[in-house]
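Chemist:
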Amino acid sequence: NAGVTQTPKFRVLKTGQSMTLLCAQDMNHEYMYWYRQDPGMGLRLIHYSVGEGTTAKGEVPDGYNVSRLKKQNFLLGLESAAPSQTSVYFCASSYSPTAEQFFGPGTRLTVL
Amino acid sequence: AQKITQTQPGMFVQEKEAVTLDCTYDTSDPSYGLFWYKQPSSGEMIFLIYQGSYDQQNATEGRYSLNFQKARKSANLVISASQLGDSAMYFCAMRERETDSWGKFQFGAGTQVVVTP
Numbered sequence: 805n806a807g808v809t810q811t812p813k814f815r816v817l818k819t820g821q822s823m824t825l826l827c828a829q830d831m832n833h834e835y836m837y838w839y840r841q842d843p844g845m846g847l848r849l850i851h852y853s854v855g856e857g858t859t860a861k862g863e864v865p866d867g868y869n870v871s872r873l874k875k876q877n878f879l880l881g882l883e884s885a886a887p888s889q890t891s892v893y894f895c896a897s898s899y900s901p902t903a904e905q906f907f908g909p910g911t912r913l914t915v916l
Numbered sequence: 654a655q656k657i658t659q660t661q662p663g664m665f666v667q668e669k670e671a672v673t674l675d676c677t678y679d680t681s682d683p684s685y686g687l688f689w690y691k692q693p694s695s696g697e698m699i700f701l702i703y704q705g706s707y708d709q710q711n712a713t714e715g716r717y718s719l720n721f722q723k724a725r726k727s728a729n730l731v732i733s734a735s736q737l738g739d740s741a742m743y744f745c746a747m748r749e750r751e752t753d754s755w756g757k758f759q760f761g762a763g764t765q766v767v768v769t770p
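For the record, the sequence lines run as chains A and B. To convert a position in the first sequence, counted from 1, into the working numbering, add 804. To convert a position in the second sequence, counted from 1, into the working numbering, add 653.
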């Protein structure tokens, strides 16, 4: 039981490049979330999903897209990376909206 | 608007002492949940404790307890008998039920705790 996994763990991009972050969970959770963590600002919700095929915007969605084609996977895409997207990205999942969220180990992304 | 406020950016505590981490929140939703997470230097987020807005008693989990004062909109975390391994960043978070019940979380900025021998 791996819980929530994220790939890659580290990535460096140049401005304008694109990439996809993969989140996978093996707990059969319906709800999945993408956050970014910046110094002094805590975690901010980017996008979330309440089930396969459904996604919704969070607090800071601009510049990101997501997809949930399979229940266990939640992908976060950056179409044209900007230095302002340098951050640590966390994926999380929960079995219900009232339950605690289980987090992945994070992806450290640097955009030059 | 900031919905979760953690006013202590950092604090030191001696081993075996108790420490209280402050958290105040802002919501008009009568149904909400409050969570505390720990983030050690390794970076992972670890769930500690949960308090529901309708819970009559304060939540406790081992050495962690939540001092829930609903009228003051305060949900302070108390760590008893601090250990060196408690050194970490601690985040308070809130989930409001809202009409869609999708469980969107909002996090505070965090409090860095350093436990000294």
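C-beta atoms are modelled at their ideal positions from N, C-alpha and C, and glycine is treated no differently.
1. Say whether the region 847-855 of chain A touches the region 808-826 of chain A, bearing in mind that this needs 3 or more beta-carbon pairs closer than 8 Å, one atom from each stretch.
2. Could you tell me whether the Cβ atoms of B/Ser763 and B/Gln659 are closer together than 8 Å?
3. Check A/Gln889 in the structure and name its three-state DSSP category.
4. Can you pull the chain A residues whose beta carbon is under 8 Å from the beta carbon of B/Arg748, in chain order?
5. Quick one: complete beta strand (DSSP E) runs, 3+ long, within the region 662-739 of chain B?
6. Out of B/Ser684, B/Phe665 and B/Lys656, point me to the one whose CA is closest to B/Arg750's CA.
7. How far does the beta strand (DSSP E) with A/Val864 in it reach, from first residue to last?
8. Just the Cα atoms here: how many angstroms apart are B/Pro693 and B/Asp682?
9. Taking the alpha-carbon of A/Lys874 as reference, which of A/Glu834, A/Thr811 and A/Thr890 has the nearest alpha-carbon?
10. Check each residue of the region 678-708 of chain B: if its Cβ is closer than 7 Å to any Cβ of chain A, include it; give the result in chain order.
11. So the candidates are B/Arg725, B/Glu668 and B/Thr673; which of them puts its Cα closest to the Cα of B/Tyr743?
Modeler: Put simply:
1. No, because fewer than three Cβ pairs between the region 847-855 of chain A and the region 808-826 of chain A fall closer than 8 Å, the two stretches do not touch.
2. Correcting the residue type first, residue 763 of chain B is Gly in the shown sequence and not Ser. Against a cut-off of 8 Å, the Cβ pair of B/Gln659 and B/Gly763 comes out as a contact.
3. Helix, per DSSP.
4. Here the neighbours are Pro901 and Thr902.
5. Runs of the beta strand (DSSP E) lying entirely within the region 662-739 of chain B, each at least 3 residues long, are 663-667, 672-674, 685-692, 699-705, 717-722 and 727-732 in chain order.
6. Selected option, being the one with the closest Cα: B/Ser684.
7. From DSSP, A/Val864 is part of no beta strand (DSSP E); its letter is neither H nor E.
8. The alpha-carbon of B/Pro693 is positioned some 31 Å away from that of B/Asp682.
9. Ranking A/Glu834, A/Thr811 and A/Thr890 by CA distance to the CA of A/Lys874 puts A/Glu834 first.
10. If the cut-off is 7 Å between Cβ atoms, the region 678-708 of chain B has Gly686, Phe688, Gly696, Glu697, Met698, Phe700 and Tyr703 near chain A.
11. Ranking B/Arg725, B/Glu668 and B/Thr673 by Cα distance to B/Tyr743 puts B/Thr673 first.
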